[in-house]
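Novice: Protein chains in written order, with the working numbering: chain A, 1 to 578; chain B, 1 to 477.
(1) Under three-state DSSP, which class holds residue 304 of chain A?
(2) With C-beta atoms as the reference, is residue 213 of chain A less than 7 angstroms away from residue 233 of chain A?
(3) From the DSSP output, read off the bridge partner residues of residue 210 of chain B.
(4) Look at the alpha carbon of residue 181 of chain A and the alpha carbon of residue 117 of chain B, and state the distance between them as a whole number of angstroms.
(5) Mind listing which residues of the region 193–219 of chain A have their C-beta closer than 9 angstroms to chain B's C-betas, in chain order?
(6) Using a Cβ-Cβ distance cut-off of 7 angstroms, determine whether residue 89 of chain A contacts chain B.
(7) Note down, in chain order, each residue of its chain lying with its Cβ closer than 7 angstroms to the Cβ of residue 367 of chain B, except the 5 sequence neighbours on either side.
(8) Which residue spans inside the region 408–432 of chain A form an unbroken alpha helix (DSSP H) run of at least 4?
(9) Going by beta carbon distance, what residues of the same chain come within less than 7 angstroms of residue 203 of chain A, once the five residues before and after it are set aside?
(10) Determine the chain A residues that contact residue 127 of chain B at a beta-carbon separation under 7 angstroms, and present them in chain order.
(11) CB-CB under 7 angstroms to residue 563 of chain A, same chain, minus the five flanking residues each way: which ones, in chain order?
(12) Do the CB positions of residue 333 of chain B and residue 343 of chain B come within less than 7 angstroms of each other?
(13) At least one CB of chain B closer than 7 angstroms to the CB of residue 324 of chain A: is that the case?
(14) Starting from residue 444 of chain A, follow the alpha helix (DSSP H) in both directions and report where the run begins and ends.
(15) When the Cα atoms are used, what is the spatial distance from residue 314 of chain A to residue 177 of chain A?
(16) Would residue 169 of chain A count as contacting chain B if we go by Cβ distances under 7 angstroms?
(17) Please state whether DSSP places residue 222 of chain A in a helix, a strand or coil.
(18) Could you please give me the residues that DSSP links to residue 40 of chain B through a beta bridge?
(19) Along the alpha helix (DSSP H) that carries residue 141 of chain B, what are the first and last residues, could you check?
(20) So what's residue 559 of chain A in DSSP terms, helix, strand or just coil?
(21) Start and end of the beta strand (DSSP E) containing residue 434 of chain B?
(22) As an exercise, report each continuous alpha helix (DSSP H) stretch of at least 4 residues that is fully enclosed by the region 78–158 of chain A, in chain order.
(23) By Cβ distance below 6 angstroms, which residues in the same chain neighbour residue 283 of chain A in space, the five residues on each side in sequence not counted?
(24) Can you list the residues of chain A that residue 103 of chain B reaches, using a CB-CB cut of under 7 angstroms?
(25) Flag residue 18 of chain B as yes if its beta-carbon sits less than 7 angstroms from any beta-carbon of chain A, otherwise no.
(26) Is residue 519 of chain A helix, strand or coil by DSSP?
(27) With residue 479 of chain B as the anchor, note down where its beta strand (DSSP E) starts and where it stops.
(28) Whose CA, out of A:510, A:307 and A:190, lies closest to the CA of residue 449 of chain A?
(29) Is it a yes or a no for the region 42–60 of chain B touching the region 235–250 of chain B, going by three-plus beta-carbon pairs under 8 angstroms?
(30) Less than 7 angstroms between the beta carbons of residue 94 of chain B and residue 85 of chain B, yes or no?
(31) Does the beta carbon of residue 189 of chain A sit closer than 7 angstroms to a beta carbon anywhere in chain B?
(32) Under the DSSP definition of a beta bridge, which residues are partnered with residue 442 of chain B?
(33) List the DSSP bridge partners of residue 47 of chain B.
(34) Closer than 7 angstroms, CB to CB, is residue 75 of chain B near chain A or not?
(35) What are the boundary residues of the beta strand (DSSP E) that residue 527 of chain A is part of?
(36) Check whether the Cβ of residue 506 of chain B lies closer than 7 angstroms to any Cβ atom in chain A.
So, in structure tokens, the structure goes:
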């Protein structure tokens with residue numbers, strides 16, 4: 001044995017503190033203090049300071065704002081993880097629940113989150129009357145809804161694809177449900193969970209920014225945070241301060257990556273199943289620091305008895321049994337029918353209520369209007385996908401085929417994809433105002449600001465995944481130029497491209513709600529489209545029209561996914577999977 | 001002859017009223033076919049595992065030997081009949097039963113120690129005792145010094161040692177093994193087998209009985225007191241043999257070889273004992289009664305060539321040993337060659353027929369014609385597809401048509417698998433072609449759209465003509 005991955009008991013008894021310990025201890029203290037302050041601020045009464053436009057754009061406040069935004073992000077992430085750990089196992093293990101939970105997840109994933117902000121803000125304000133907690137909760141909820149579906153799907157998928165021998169081994173050892181969950185279910189899903197968490201977290205910044213400053217029913221609200229800072233600076237036309245916020249945001253994205261996600265990714269490597277050895281093992285300086293420090297081990301030792309006790313308590317969850325014999329089919333089928341009927345009746349009743357509400361408040365014509373406006377927004381989304389494909393696929397392939405370039409470019413693109421595009425809106429808006437280009441066309445640019453990176457990122461990943469022996473074979477056959485693109489590169493990157501396309505298209509739909517109405521220095525730019533319609537009806541408090549708009553947008557997104565992306569995805573899996 | 005139990009318990013049948021550790025009482029197992037019908041995997045199997053014995057379950061793939069093991073393990077319920085542990089019906093894995101897996105099935109994120117402790121943890125053993133017992137088991141199995149290693153740092157042999165330690169630490173009275181040595185190289189497997197037998201004869205070894213599933217006939221004869229041979233489709237007990245050789249056993253003895261030969265004979269369907277796999281009149285069987293063995297044309301041709309090179313007749317055990325092939329690798333090829341009338345099996349001897357000799361000696365086009373003729377005459381599914389395509393107006397039918405028919409007798413996966421074999425054979429014989437894009441089977445080779453790049457593009461040339469692609473590669477460009 002060269003080196004043991006974990007030191008033996010002797011190391012623990014050494015009393016001297018090492019530098020790593022001091023750093024880690026300080027970080028823990030700082031974190032605790034930050035949480036305390038965040039909690040205090042959230043309990044503050046909802047006063048005039050909460051109104052948008054009153055947010056101070058003094059750069060001195062910016063670091064504090066940034067930290068408060070960051071805290072919201074992490075609270076949302078914690079909620080998402082908790083939700084995932086409960087929802088996915090139920091969906092994966094209960095035959096009946098699966099029939100409802102998974103389609104529901106599929107739809108919710110396609111829903112434009114920002115459209116619901118109006119409804120959730122109102123609801124949360126009513127839940128915590130007169131307190132900032134309502135706004136905080138609404139913002140956190142917006143971030144939560146933007147990241148949770150990905151995580152849940154990823155965990156659900158991992159649970160369904162657990163290697164059969166491992167499942168059988170765990171059952172033969174008679175692990176109870178609780179033990180199995182922590183020994184097999186969660187560790188087996190750790191790598192996809194961490195990666196999806198990282199990606200969703202990046203996407204979450206966008207929703208944080210959008211949810212910190214919002215106008216609902218004629219009232220504007222703002223939460224102190226980096227998102228509302230940018231909104232305020234943009235309203236006042238302070239381009240310099242927008243730039244400052246962008247710089248802080250970039251630091252924040254890079255910092256969170258370095259301190260949180262990179263270590264987590266590197267740590268999660270230990271949960272890799274043998275069959276899929278990583279080509280390049282991710283490393284992290286922060287993780288190395290943590291590993292050198294004794295604190296995690298001390299914490300683990302402290303946790304151990306608690307974990308044992310919890311494990312004993314959780315034995316009540318029981319051990320799954322094999323029924324002595326199958327064959328009670330009729331009763332089971334009767335149960336299925338009853339269950340299906342109850343769910344169907346409840347769902348239809350709810351849908352009927354929703355339609356009636358729209359009919360009573362805005363009239364059923366609102367649906368037709370929304371569909372008409374939807375075509376315009378759809379055209380913009382399509383333009384975003386097509387244009388980013390034409391531009392970024394060749395660039396991405398160029399980068400991906402050169403290992404040296406890819407090493408440099410991939411982290412940069414990752415930051416770009418995480419960076420909330422709405423921070424850049426003021427700058428583009430300023431240009432649009434100055435050049436008198438309407439938002440009908442400019443909106444495409446705004447929507448593309450965030451969405452395009454997914455195409456680029458996946459094109460790079462796809463090109464990197466093309467096996468080098470195939471490239472060498474093509475070269476030796478003299479296959480070059482357009483033929484090489486058609487026969488090797490495009491088929492090779494297709495699966496990755498489809499993933500990027502789905503994400504980009506979904507991102508563009510979501511962005512339309514904030515990209516079709518933009519305020520810059522007193523000028524309000526508006527595009528004709530479904531996104532603008534939802535934003536306007538939200539601001540006016542016309543909830544009937546908002547609801548109709550959201551429903552129609554869901555219909556658009558879901559239909560598009562079913563008709564186009566889902567099919568491409570299946571094609572990619574069947575014909576072009578590596 | 002059954003050796004007396006090491007702990008002094010009498011051999012089975014020795015005492016009236018003694019109880020088998022594990023028992024299957026007329027169990028059947030059916031899986032539901034996609035069209036709602038039932039696919040029998042095991043039919044009316046009764047079996048008892050008594051204290052003091054090692055039993056080997058042998059059979060071709062698809063004989064349900066793994067299913068029987070999992071029924072006895074309590075991992076799956078029987079469709080009818082009962083599986084019992086010490087007289088009590090199983091409703092899940094029993095406390096005193098442990099299992100060793102072909103693929104080791106170690107949790108990669110736990111150390112060796114963590115993996116071995118897991119079963120004790122599940123039984124609520126306090127941490128200190130857990131550790132002590134796990135370390136003892138690690139000692140016993142020769143893993144000392146590797147406690148803190150992760151499974152991926154270990155070689156296959158060491159990993160399977162962890163698998164054994166994890167099973168033995170709970171001191172099971174019955175140890176179930178699912179092809180525990182088949183993922184290991186020959187020498188490592190031999191070494192581990194020897195150590196297992198050595199432990200078995202120790203007086204303090206807690207395990208009272210062992211049941212091993214294997215497709216290695218020599219391994220079965222080497223280890224077991226009793227060998228059970230299962231037939232295929234559905235699995236029934238075809239034969240039960242008492243090994244009765246003194247331990248330690250050596251391969252190079254006449255009695256050992258005779259026993260191996262006998263089992264080969266049983267498995268390949270010696271005269272008078274027809275197995276479901278080698279039918280007497282393949283010409284009249286339907287595609288679901290007579291499944292195609294998973295044999296590639298190249299594999300069968302290779303086997304026949306070796307056979308011809310050795311004078312046209314060879315003892316199957318010798319052939320398997322010389323080629324270093326196990327039953328699961330060799331028998332599908334044998335079954336395929338027999339089905340196509342290229343070879344015959346007679347008392348564990350494989351003999352080439354005149355048609356088989358022609359097949360490997362004539363030029364490629366004649367060989368293809370010969371293959372096409374034999375396949376349409378003797379392989380029911382190939383014949384059915386050819387006939388259906390001949391009757392179809394434009395000589396073209398969608399794969400769904402055939403899959404629907406196959407699903408009456410096979411599971412979803414197996415139906416697809418059968419069609420893939422038929423396509424492989426049909427393509428080689430130029431009887432019909434298959435377009436992976438549309439899922440169409442057609443009488444004549446699919447016309448490729450005129451494509452200027454086709455001459456230089458290997459993605460196209462590889463898919464057309466040439467040798468048939470290996471199974472499962474259809475979906476790839």
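Each residue gets a CB set at the ideal place from its N, CA and C atoms; glycine is no exception. Being a predicted model, the structure only gives us computed values, none of them experimental.
Specialist: In brief:
(1) In the structure shown, residue 304 of chain A adopts helical secondary structure according to DSSP, grouped into three states.
(2) Contact flag unset, no.
(3) B:54 and B:175
(4) Taking the straight line joining both Cα atoms gives about 17 angstroms.
(5) Identification of residues in the region 193–219 of chain A having a C-beta nearer than 9 angstroms to some C-beta of chain B yields an empty set.
(6) no
(7) Once the five neighbours on either side are set aside, the close Cβ partners of residue 367 of chain B are 359.
(8) none
(9) 146 and 147
(10) In chain order: 308.
(11) none
(12) no
(13) Confidence is the limiting factor: at residue 324 of chain A the pLDDT is only 48, short of 50, which leaves the residue's position unreliable and the question unanswerable from this model.
(14) 439–465
(15) Counting only the Cα atoms, residue 177 of chain A lies some 8 angstroms from residue 314 of chain A.
(16) Cβ-Cβ to chain B under 7 angstroms: yes for residue 169 of chain A.
(17) strand
(18) B:30
(19) From DSSP, residue 141 of chain B is part of no alpha helix (DSSP H); its letter is neither H nor E.
(20) Collapsing the DSSP output to three states places residue 559 of chain A in a helix.
(21) For residue 434 of chain B, the enclosing beta strand (DSSP E) has its first and last residue at 433–435.
(22) 95–110 and 117–127
(23) 266
(24) Within 7 angstroms Cβ-Cβ: 165.
(25) no
(26) Reduced to three states, the DSSP call for residue 519 of chain A is strand.
(27) Beyond the ends of chain B as shown, which are 1 and 477, falls residue 479 of chain B; an answer cannot be given.
(28) A:510
(29) yes
(30) yes
(31) no
(32) B:396 and B:433
(33) B:24
(34) yes
(35) Run containing residue 527 of chain A: none; DSSP gives neither H nor E here.
(36) Any answer about residue 506 of chain B is impossible in this case: the structure gives chain B only from 1 up to 477.
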